[in-house]
Amino acid sequence: MPKPLPALIACPHCDALYHRRALAPGEKARCIRCGAVLERHPGVLTPDHLMALVVAALISFAIANTMPIVQLSAGGLEHTTTLIGSIRVLWNEERGLTATLAFATALAFPLVELSAMLAVLIAIRLRPGAPLVAALLRGIQAVRPWGMIEVFMLGVVVALVKISHTATVVPGIALWAFAALTVLLVLIVNYDLKQLWRLRRLEER
Amino acid sequence: MSEIPTAHGTGLVLCETCALVSEPGDSPHPQCPRCGAPLHPRKPNSISRTWALLIAAAILYIPANLLPVMTTTTLFRTTSDTIMSGIVYFWKSGSPDLAILIFTVSIFIPVAKIGCLALLAVAARTGVARGLRQRALMFRIIEFVGRWSMLDIFVVTMTVGMVRFSSLATVDAGPGAAAFGAVVVLTMIAAHTFDPRLIWDSSEDRR
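Each protein sequence line maps, in turn, to chains F and X. The numbers in the numbering used here rise by one with no breaks, and the one at position 175 of the first sequence is 193. The numbers in the numbering used here rise by one with no breaks, and the one at position 175 of the second sequence is 179.
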């Protein structure tokens with residue numbers, strides 16, 4: 019078994035090796051060789067605060083995907099759109115690859131990430147050394163780059179502007195829910211998962 | 005360059021999953037003592053894999069730009085839009101800001117990303133010692149902005165969904181959208197596969 023050296027820190031971008039130093043609130047450690055951020059002070063956010071944010075994000079997610087994003091009226095007809103509805107239309111039009119991409123990045127991966135975050139925050143309170151905690155954290159890190167709610171949010175706005183040339187568009191509740199979700203996810207993703215890894219004591223394995 | 009010790013140079017290894025530094029010892033397949041992930045001093049076959057993904061992305065970039073991403077059918081006619089003609093439409097219809105936005109994320113970023121990663125891969129292999137910090141910064145920017153290229157996929161998805169049931173027109177996604185999505189995914193994986201530590205390794209061998 020390799021010997022852990024938690025007092026050291028290595029730059030993930032250039033491999034420079036340093037001794038870890040305690041950081042004051044608001045401080046961050048930068049690699050002097052390549053300039054990458056090595057570590058930042060966790061700030062005022064505790065894992066419990068994080069859990070509150072994750073629960074809020076899950077609620078926003080539920081609203082964002084059940085309520086209409088926009089209401090469209092054109093030629094006397096009214097029609098509401100949801101993300102799932104749009105993906106279904108693409109799928110039925112045999113645009114499977116495009117539909118799958120949108121489904122994975124705007125819906126499935128963000129949901130998996132948020133659910134796994136909630137599970138890991140509960141599990142870590144009970145037993146930080148549990149193998150489940152490691153599996154969940156690894157899963158979160160794997161899906162995180164593929165969740166693109168903030169890009170989707172911008173995409174909706176662009177599509178709205180485009181459509182508003184030809185039809186009357188009324189933003190729905192889900193649009194605001196997506197906006198809230200975007201803000202919450204920024205806060206959640208900013209929390210350094212290394213903090214959670216460190217809660218695992220090394221002898222528990 | 006000052007003498008900064010590296011993990012690899014001192015026989016240590018950084019876990020890419022949980023960021024723990026450990027001393028791997030002499031086991032042939034060491035695992036991280038904290039998270040159990042396999043440990044390796046550098047990402048395996050990083051440069052070859054990056055090249056494979058970049059070449060695939062560059063090839064798909066051609067249909068992504070030539071095939072229509074969106075087809076609009078009205079009572080009178082059917083029009084197809086490629087990424088570029090969509091940008092021109094925004095420009096002419098009084099939204100130059102959106103035209104610039106879409107141009108940046110759909111044309112500029114993917115091309116710049118493929119070009120920069122190719123440059124980084126070549127420089128890492130040949131061991132150019134100049135501009136190390138600049139290249140490190142370039143990589144971090146590429147990693148950060150790549151996801152925004154997905155914008156057009158979401159615009160197409162939502163436009164199709166919104167216009168679907170109106171009587172004025174139907175909008176359908178074109179094959180270009182799928183090719184473009186594949187380009188974005190491939191370049192994201194390529195950036196993830198490239199190990200930025202290789203930028204610095206080759207320059208050390210030279211000294």
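Even for Gly, the Cβ is constructed at its ideal location relative to N, Cα and C.
S104 (chain F) versus chain X: which residues are under 9 Å apart at the beta carbon?
-> T161, M162, T163, V164, G165, M166, R168
Start-to-end residues for the beta strand (DSSP E) that takes in D85 (chain X) = 82–85
Would you please verify whether the beta carbon of D176 (chain X) is less than 7 Å from any beta carbon of chain F?
-> yes
Compile a chain-ordered list of the residues in the stretch 119–148 of chain F whose CB is closer than 8 Å to at least one CB of chain X.
-> L119, A120, T123, A124
Beta-carbon separation of A41 (chain X) and L121 (chain X) under 7 Å?
-> no
T77 (chain X) versus L205 (chain F) - alpha carbon distance | 42 Å
So, is M19 (chain F) buried or exposed, given that buried needs 16 or more other C-beta atoms within 10 angstroms?
-> exposed
Could you round the C-beta distance between P200 (chain X) and A140 (chain X) to whole angstroms and report it? I think they count as a contact, below 8 Å.
-> 6 Å
Whose C-beta lies closer than 6 Å to the C-beta of P32 (chain X) among residues of the same chain, with five residues either side of it excluded?
-> none
Contact list for M166 (chain F) against chain X, beta-carbon separation under 7 Å = R151, M154
Same chain only: Cβ atoms within 8 Å of S110 (chain X), ignoring 5 sequence neighbours per side | I87, I91, S153, L155, D156, F184
Given a threshold of 16 other Cβ atoms within 10 Å of its Cβ, counted over all protein chains shown, does G165 (chain F) qualify as buried or as exposed?
-> buried
Should D66 (chain F) be labelled buried (16 or more other beta-carbon atoms within 10 Å of its own) or exposed?
-> exposed
Contact check, F94 (chain X) vs L102 (chain X), beta carbons under 7 Å = yes
Tell me which same chain residues have a C-beta within less than 6 Å of the C-beta of T75 (chain X), skipping the five on either side of it?
-> S84, D176, G178
If we cut at 7 Å on Cβ distances, does T83 (chain X) have a partner in chain F?
-> no
Does the beta-carbon of R81 (chain X) have 16 or more other beta-carbons within 10 angstroms, so that it is buried, or is it exposed?
-> exposed
Taking the alpha helix (DSSP H) that D66 (chain F) falls in, what are its first and last residues?
-> 65–84
Can you pull the DSSP bridge partners for K21 (chain F)?
-> X:E27
Which term fits L79 (chain X), buried or exposed, when burial requires 16 or more other beta carbons within 10 angstroms of its beta carbon?
-> exposed
Sorted by chain position, which residues of the same chain lie with C-beta nearer than 8 Å to R143 (chain F)'s C-beta, five sequence neighbours on each side aside?
-> P65
Residue-chain proximity (G185 (chain X), chain F), Cβ-Cβ < 7 Å | yes
For G135 (chain X), which residues from the same chain have a beta carbon less than 6 Å from its beta carbon, with the 5 sequence-adjacent residues on both sides left out?
-> none
What do you get for H97 (chain F), buried or exposed, if any count of 16 or more other CB atoms within 10 angstroms of its CB means buried?
-> buried
Beta-carbon proximity of M166 (chain X) to L90 (chain F), cut-off 7 Å | yes
Are there three or more Cβ pairs, one per stretch, closer than 8 Å when the stretch 19–29 of chain F is compared with the stretch 21–28 of chain X?
-> yes
Answer yes or no: do P30 (chain F) and G190 (chain F) have a C-beta to C-beta separation smaller than 7 Å?
-> no
Contacts that C39 (chain X) makes with chain A (C-beta to C-beta distance below 8 Å) = Looking at the structure shown, chain A is missing, and the protein chains on hand are F and X.
State the beta-bridge partners of V187 (chain F) as determined by DSSP.
-> F:L90
Measure how close the beta-carbons of Q159 (chain F) and T21 (chain X) come, nearest whole angstrom, since I'm counting them as under 8 Å.
-> 7 Å
Spatial neighbours of A60 (chain X) in its chain, beta-carbon cut-off 6 Å, leaving aside the 5 residues before and after = L190
Evaluate the contact criterion for the stretch 36–52 of chain X versus the stretch 139–158 of chain F: three or more CB pairs, one atom per stretch, below 8 Å.
-> yes
Near T197 (chain X), which residues of its chain fall below 7 Å by C-beta distance, leaving aside the five closest residues on each side in sequence?
-> K47, S50, R53, T54, L57
Rounded to whole angstroms, how far is the Cβ of L125 (chain F) from the Cβ of V73 (chain F), which I believe are closer than 8 Å?
-> The Cβ separation is near 19 Å, so there is no contact.
Leaving aside the five residues before and after F196 (chain F) along the sequence, list all residues of the same chain whose C-beta is less than 6 Å from its C-beta, in chain order.
-> A82, M171
Can you give me, in chain order, the residues of the stretch 24–35 of chain F that have a beta carbon less than 7 Å from any beta carbon in chain X?
-> P24, L26, I27, A28, P30, H31, C32, D33, A34, L35
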